[in-house]
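See structure below.
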Amino acid sequence: MARHKALAGLALAAGSAAGAFLLRQRTARRIEKADIHFADGTMISLDPGNADGDALLELARTALRSARP
32 MARHKALAGL
42 ALAAGSAAGA
52 FLLRQRTARR
62 IEKADIHFAD
72 GTMISLDPGN
82 ADGDALLELA
92 RTALRSARP
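Under the working numbering, read the sequence shown as residues 32 to 100, first letter to last.
The structure is reproduced here in structure tokens:
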């Protein structure tokens, strides 16, 4: 009987952890940024508010809109 209670408690804890993870994923703030990858393996991130990054993001949004049926 104690084994069943332990398994039930473990299942409840796992379910709670999974629920908390999924809730966090749904409510996390989505931040758009432009990542530029170079051939040598380096990368830079252009945060929102950066004029160059905002221009690239607008181009990307336009490309995505035109690619959708």
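Cβ coordinates follow ideal geometry from the N, Cα and C atoms, glycine included. None of these values were measured; they are calculated from a predicted model.
Per DSSP, which residues does residue i bridge with? Please list them.
| i | result |
| --- | --- |
| residue 67 | 75 |
Would you kindly report the start and end of the unbroken alpha helix (DSSP H) that includes residue i?
| i | result |
| --- | --- |
| residue 46 | 33-58 |
| residue 96 | 82-98 |
Do residue i and residue j have their C-beta atoms closer together than 9 Å?
| i | j | result |
| --- | --- | --- |
| residue 65 | residue 83 | yes |
| residue 62 | residue 87 | no |
| residue 79 | residue 85 | yes |
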